[in-house]
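Visitor:
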Amino acid sequence: VLRAAEALLHSAGAQASLLRAMEGHDIQALENALKDAEAAGVGSNVLVKARDRLCKLKEAEARAKAAEELQAAIDSGDLALLEAALAKARSLKVSEDASTSQPMLTPLGPFTVLTAAEALLHAAGAQASLFRAMEGHDIQVLEKALKDAEAAGVGTVMGRVGATAEDKNGASKKWLDYVWTLRCHEERVLRAAEALLHAASVQASLLRAMEGQDIQALENALKDAEAAGVGSDMLEKARDRLCELQEAEARAKEEEEELQAREEAARIALLALNELLAAMKLSDLAALQKALAAARTCGVSEEILQQGEQRLACLVAQQEADEHRKEVEAELLAAITADADTLLAVLLRAEAAKADPEVCSRAREALLRMRRFEAEQATEVLVAAMAGADAEALEAALSRAREAEVDSNLLQDAEAALQELRELALQGPQRREAEAELQAAIDSGDLAMLEAALAKARSLKVSEDVLGAAQAVLHAAEAQASLFRAMEGHDIQALMAALQTAYAAGVDSGYL
Numbered sequence: 446v447l448r449a450a451e452a453l454l455h456s457a458g459a460q461a462s463l464l465r466a467m468e469g470h471d472i473q474a475l476e477n478a479l480k481d482a483e484a485a486g487v488g489s490n491v492l493v494k495a496r497d498r499l500c501k502l503k504e505a506e507a508r509a510k511a512a513e514e515l516q517a518a519i520d521s522g523d524l525a526l527l528e529a530a531l532a533k534a535r536s537l538k539v540s541e542d543a544s545t546s547q548p549m550l551t552p553l554g555p556f557t558v559l560t561a562a563e564a565l566l567h568a569a570g571a572q573a574s575l576f577r578a579m580e581g582h583d584i585q586v587l588e589k590a591l592k593d594a595e596a597a598g599v600g601t602v603m604g605r606v607g608a609t610a611e612d613k614n615g616a617s618k619k620w621l622d623y624v625w626t627l628r629c630h631e632e633r634v635l636r637a638a639e640a641l642l643h644a645a646s647v648q649a650s651l652l653r654a655m656e657g658q659d660i661q662a663l664e665n666a667l668k669d670a671e672a673a674g675v676g677s678d679m680l681e682k683a684r685d686r687l688c689e690l691q692e693a694e695a696r697a698k699e700e701e702e703e704l705q706a707r708e709e710a711a712r713i714a715l716l717a718l719n720e721l722l723a724a725m726k727l728s729d730l731a732a733l734q735k736a737l738a739a740a741r742t743c744g745v746s747e748e749i750l751q752q753g754e755q756r757l758a759c760l761v762a763q764q765e766a767d768e769h770r771k772e773v774e775a776e777l778l779a780a781i782t783a784d785a786d787t788l789l790a791v792l793l794r795a796e797a798a799k800a801d802p803e804v805c806s807r808a809r810e811a812l813l814r815m816r817r818f819e820a821e822q823a824t825e826v827l828v829a830a831m832a833g834a835d836a837e838a839l840e841a842a843l844s845r846a847r848e849a850e851v852d853s854n855l856l857q858d859a860e861a862a863l864q865e866l867r868e869l870a871l872q873g874p875q876r877r878e879a880e881a882e883l884q885a886a887i888d889s890g891d892l893a894m895l896e897a898a899l900a901k902a903r904s905l906k907v908s909e910d911v912l913g914a915a916q917a918v919l920h921a922a923e924a925q926a927s928l929f930r931a932m933e934g935h936d937i938q939a940l941m942a943a944l945q946t947a948y949a950a951g952v953d954s955g956y957l
C-alpha cells in the first residue's frame with residue numbers, strides 16, 4: 446500500500462511538473478518533464494497533449510530561426526542567399542506576424558522581413574526582365590516588362606528596403622547600387638519605352654482589331670492607322686479584313702433573317718397544329734374547318750391533315766345525321782295526328798335515324814292507340830257483317846279486320862261465315878224452292894210433309910226465320926199429338942205434362 450501511495454504521489458508530482466512545463470516556452474524543460482512523466486506512468490491524455498505542445502514549441506523555434514536567417518539574407522544583399530532563406534521560411538510556413546516582432550519602418554509604411562524578402566526578389570526579377578526587354582526590339586515584350594516593373598515597384602521597393610538597411614547598419618551597399626542604377630536608367634527607359642509604344646500603339650490596335658470581330662472597332666483603328674501613316678501593306682490587309690468582316694456580317698444577318706423566318710413559320714405551324722388538335726378534340730365543326738384550312742397553308746404534316754379531314758368528315762356526317770334526325774322527329778310529331786299507316790312509316794324512319802327515344806315512344810303509343818281503335822272498329826263491322834247475309838260486305842269487313850289484326854278466332858269464324866254465304870249464293874234457286882215448299886207445308890198442316898220440307902230446307906241452309914217458323918209449327922203439332930194421346934189415357938201426370946208442353950208450344954187454345 447505504501448509503495449502504491451508513493452507511486453501515485455510520484456506520478457502526481459511528475460504530472461504537475463509536466464503541466465507547468467507545458468505552460469512555458471522552454472523546450473528543454475518540457476522534454477525533461479515529459480520523460481519524467483512517461484517514467485512515472487502519467488495518463489496517456491496528458492502525455493499526448495504534452496507531446497503536441499512540444500512539437501508546437503519546436504516548430505515555433507524553427508520559424509523564428511528561419512525569420513532571423515531571412516533578415517540576415519536581406520542585410521547581406523546576396524540574392525542567392527535571400528532566395529534560399531525565403532524558400533526555407535515558406536517551407537516552415539513563417540507568417541507575416543511571426544517573421545519579426547519589430548517591422549522595418551520607412552516613409553512609405555511598415556515592412557516585415559517576409560514581405561521585404563518577397564518584394565526584393567520580385568522587384569529584382571522584374572528589373573532584370575525590364576533590362577532584357579530594353580536591349581531587344583519587341584514592343585509587346587517591352588510593354589509587358591514595363592508594366593511588370595511598375596507593378597513590382599522597381600525602385601520604390603528597393604529604395605524603401607535600401608533606405609532601411611542604410612539606416613540600420615550601412616552594410617547593404619549592393620542594394621544601394623541597385624537603387625542608384627535603377628534611378629539613373631528609369632527615366633531614360635520610360636521615355637524610350639513610351640516612344641516605342643506610341644509609335645506601335647496605332648499598329649497594335651489595328652492588329653488587335655483585325656484579329657477580332659468588331660467591325661466598328663476595326664473601322665476606327667483603320668482610320669487612326671491611316672492618320673498615323675502606318676505602312677500600306679498593313680493598311681491593305683486591314684481593309685481586306687474589314688471587307689471579310691462586313692461580308693460575314695451580311696451573311697450572318699441573312700442567315701439570321703432566314704432562321705427567324707423558319708422559326709416564325711415553325712411557330713405558326715405549331716400554333717395551327719395546336720388549334721387543329723384542339724378543334725378535333727372539341728368536335729367543333731366550324732372551328733375544325735377553319736383550323737384545317739389554316740393547317741394546310743402552314744405546312745402541317747400530311748398525316749395530321751388526314752386525321753383532321755377524317756374527323757371533319759365524321760363531324761359533317763354527324764351534323765347531317767343530326768339534321769335528318771331533327772327533321773324526322775318533327776315529321777314524326779306531325780304524323781301523330783295522321784293515320785296509322787303514315788305514322789308507322791314515319792316511325793320506322795325515325796327509329797332508323799336514331800331519333801329522340803321519348804318522341805319515338807310517344808309516337809309508338811299513339812300508333813298502338815290507333816291500332817286498338819281500328820281493331821275495335823273492324824271487329825264491330827266484322828261482327829255486323831257476319832250477322833248479315835251480304836258476302837261482299839263480309840269479305841270487305843274481313844279484309845279490314847285482317848289489316849287491323851283482329852283476334853284470330855274471330856277471323857276464323859268470319860272466314861267460315863263467308864264461306865257459308867258463298868255456298869248459299871251458289872244454292873240460291875234451290876234454297877228459294879225449299880223455302881216455298883216449307884211454307885206450303887206449314888200452311889197445309891201436314892206433319893209428314895212439314896218434316897220432309899224442313900229437312901230439305903235445313904240441308905240447303907234456308908233462312909233461319911223460315912226454319913224457325915217451320916220448327917215452331919212442327920213442335921206445336923208434336924205437342925198437340927202428345928196431348929191427344931194423353932187425353933185418351935188415364936194418366937193424370939202425363940196429361941198435365943202434355944198440357945204444359947202444348948201450352949208452351951203454342952197449340953191452338955181450342956184444343957187446350
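In this note's numbering, the protein residues as written are 446 to 957. Just so it is clear, CB atoms sit at the ideal spot from N, CA and C, and this is done for glycine as well.
(1) Pick helix, strand or coil for R753, following the three-state DSSP scheme.
(2) Cutting at 6 Å between CB atoms, please list the residues of its own chain near A596, excluding the five before and the five after it.
(3) Three or more beta-carbon pairs under 8 Å between the region 465-483 and the region 491-507, yes or no?
(4) In or out: Q705 buried (at least 16 other Cβ within 10 Å) or exposed?
(5) Taking the C-alpha atoms as reference points, what is the distance between Q648 and A670?
(6) In terms of residue numbering, what span does the alpha helix (DSSP H) encompassing K698 cover?
(7) Are there 16 or more other CB atoms within 10 angstroms of the CB of Q945, so buried, or fewer, so exposed?
(8) Taking 8 Å as the cut-off, does the region 718-730 touch the region 740-750 (at least 3 CB pairs, one atom from each stretch)?
(9) When you compare the CB positions of L537 and L565, do they come within less than 9 Å of one another, or not?
(10) To the nearest angstrom, how far is the alpha carbon of K510 from that of A594?
(11) Can you grab the Cα-Cα spacing for the pair K771 / A790, in whole Å?
(12) Excluding the 5 residues preceding and the 5 following K494 in the sequence, name in chain order all residues of the same chain whose CB lies nearer than 8 Å to its CB.
(13) Near L667, what residues of its chain come up, given a Cβ to Cβ distance below 8 Å and the 5 sequence neighbours on each side ignored?
(14) Among E692, L690, A693 and V745, which residue has its Cα nearest to the Cα of L712?
(15) Which whole-angstrom value is the C-beta distance of Q460 and V491, which I expect to be below 8 Å?
(16) What is the DSSP secondary structure of C743, reduced to helix, strand or coil?
(17) DSSP three-state call for R448: helix, strand or coil?
(18) Quick one: is I937 buried, meaning 16 or more other Cβ sit within 10 Å of its Cβ, or exposed?
(19) For E819, tell me which candidate among A590, A798, S844 and H567 has the shortest Cα-Cα distance.
(20) Report the three-state DSSP secondary structure of Q857 (helix, strand or coil).
(21) List the endpoints of the continuous alpha helix (DSSP H) containing E840.
(22) Please work out which residues of its chain come closer than 8 Å, Cβ to Cβ, to D678, disregarding the five sequence neighbours upstream and downstream, and give them in chain order.
(23) Which residue from S489, L453, K503 and E451 puts its Cα closest to that of L475?
(24) Using a C-beta cutoff of 9 Å, does S728 count as contacting chain D?
(25) Does the distance from the CB of R847 to the CB of L856 come in under 9 Å?
(26) Cα separation between L827 and P802?
(27) With DSSP as the reference, label Q658 as helix, strand or coil.
(28) DSSP state of L537, grouped into three classes?
(29) Would DSSP call V487 helix, strand or coil?
(30) Alpha carbon to alpha carbon, how far is D659 from A675? Give it in angstroms, no decimals.
(31) Are the beta-carbon atoms belonging to E840 and L863 less than 9 Å from one another?
(32) Tell me which residues share the same chain as M894 and place their Cβ nearer than 7 Å to its Cβ, disregarding the 5 neighbours each side in the sequence.
(33) Please classify Q572: is it buried, with 16 or more other beta-carbons within 10 angstroms of its beta-carbon, or exposed?
Guide: In short:
(1) Translated into positions along the sequence shown, residue 753 becomes position 308. Note that residue 753 corresponds to Gly in the displayed sequence, not to Arg. Helix, per DSSP.
(2) On the sequence shown, position 151 is the one that residue 596 refers to. Result list for A596: empty, nothing under 6 Å.
(3) Per the Cβ contact rule, the region 465-483 is in contact with the region 491-507 (3 or more Cβ pairs under 8 Å).
(4) As a position in the sequence shown, residue 705 is number 260, starting the count at 1. Answer is exposed; the Cβ neighbour count stays below 16.
(5) Translated into the one-based positions of the sequence shown, residue 648 becomes position 203. Translated into the one-based positions of the sequence shown, residue 670 becomes position 225. In this model, Q648 and A670 are separated by some 6 Å (Cα to Cα).
(6) As a working mapping, residue 698 is identified with position 253 in the sequence shown. Per DSSP, the unbroken alpha helix (DSSP H) holding K698 starts and ends at S677 to L727.
(7) Start at 1 with the first residue of the sequence shown, and residue 945 comes out as number 500. Q945 comes out exposed.
(8) The region 740-750, when compared against the region 718-730, does touch it at the 8 Å Cβ threshold.
(9) As a first step, residue 537 must be located in the sequence shown, where it is residue number 92. As a first step, residue 565 must be located in the sequence shown, where it is residue number 120. Annotated as distal: L537 and L565, with beta-carbon spacing of 9 Å or more.
(10) The residue you call residue 510 lines up with position 65 of the sequence shown. The residue you call residue 594 lines up with position 149 of the sequence shown. Put simply, the backbone Cα of K510 is about 32 Å away from that of A594.
(11) As a first step, residue 771 must be located in the sequence shown, where it is residue number 326. As a first step, residue 790 must be located in the sequence shown, where it is residue number 345. Answer to the nearest angstrom: the Cα atoms are 16 Å apart.
(12) Reading the sequence shown from its first residue, position 49 is the one you call residue 494. Hits under 8 Å: M467.
(13) Here residue 667 refers to the residue found at position 222 when the sequence shown is read from its first residue. Within the same chain, Cβ atoms closer than 8 Å to the Cβ of L667 are found at L651, A654, L680, A683, R684 and L687, the five residues on either side in sequence being excluded.
(14) On the sequence shown, residue 712 is found 267 positions in, with the first residue counted as 1. Note that residue 712 is Arg in the sequence shown here, rather than Leu. In this structure, V745 is the residue among E692, L690, A693 and V745 with its C-alpha nearest to the C-alpha of R712.
(15) Translated into positions along the sequence shown, residue 460 becomes position 15. Translated into positions along the sequence shown, residue 491 becomes position 46. The pair is a contact, with the Cβ atoms about 6 Å apart (cut-off 8 Å).
(16) Counting from 1 along the sequence shown, the entry for residue 743 is found at position 298. Three-state DSSP puts C743 in coil, outside helix and strand.
(17) The residue you call residue 448 lines up with position 3 of the sequence shown. It is helical.
(18) Within the sequence shown, the letter at position 492 stands for residue 937. It is exposed - the Cβ of I937 has fewer than 16 other Cβ atoms within 10 Å.
(19) Translated into positions along the sequence shown, residue 819 becomes position 374. Considering only A590, A798, S844 and H567, the residue with the shortest C-alpha distance to E819 is S844.
(20) Here residue 857 refers to the residue found at position 412 when the sequence shown is read from its first residue. Q857 carries a helical assignment under DSSP once its states are collapsed to helix, strand and coil.
(21) As a position in the sequence shown, residue 840 is number 395, starting the count at 1. That run of the alpha helix (DSSP H) goes A836 to E848.
(22) Within the sequence shown, residue 678 is the residue found at index 233, counting from 1. If we look at D678 and ignore the five residues flanking it on each side, it has no Cβ neighbours.
(23) Here residue 475 refers to the residue found at position 30 of the sequence shown. That would be K503, whose Cα lies nearest to the Cα of L475.
(24) In the displayed structure, chain D is absent; only one protein chain is listed.
(25) Numbered from 1 along the sequence shown, position 402 holds the residue referred to as residue 847. Numbered from 1 along the sequence shown, position 411 holds the residue referred to as residue 856. Contact: yes.
(26) Within the sequence shown, the letter at position 382 stands for residue 827. Within the sequence shown, the letter at position 357 stands for residue 802. Answer to the nearest angstrom: the Cα atoms are 36 Å apart.
(27) Your numbering for residue 658 matches position 213 in the sequence shown. The answer is coil: DSSP assigns Q658 none of H, G, I, E or B.
(28) Within the sequence shown, numbered from 1, the residue matching residue 537 stands at position 92. Note: L537 maps to coil in three-state DSSP.
(29) Here residue 487 refers to the residue found at position 42 when the sequence shown is read from its first residue. Of the three classes helix, strand and coil, the one that applies to V487 here is coil, per DSSP.
(30) Translated into positions along the sequence shown, residue 675 becomes position 230. Translated into positions along the sequence shown, residue 659 becomes position 214. Strictly speaking, residue 675 in this sequence is Val, with Ala absent from that position. The straight-line gap separating the alpha-carbon atoms of V675 and D659 is approximately 20 Å.
(31) Locating residue 840 in the sequence shown gives position 395, where the first residue counts as 1. Locating residue 863 in the sequence shown gives position 418, where the first residue counts as 1. L863 sits close to E840, with the two beta carbons spaced by under 9 Å.
(32) Against the sequence shown, residue 894 aligns to sequence position 449. Here M894 has A886 as same chain residues with Cβ atoms under 7 Å from its own Cβ, once five neighbours each way along the sequence are excluded.
(33) Stepping through the sequence shown from its first residue, residue 572 is reached at position 127. Its Cβ being crowded by 16 or more others within 10 Å, Q572 is buried.
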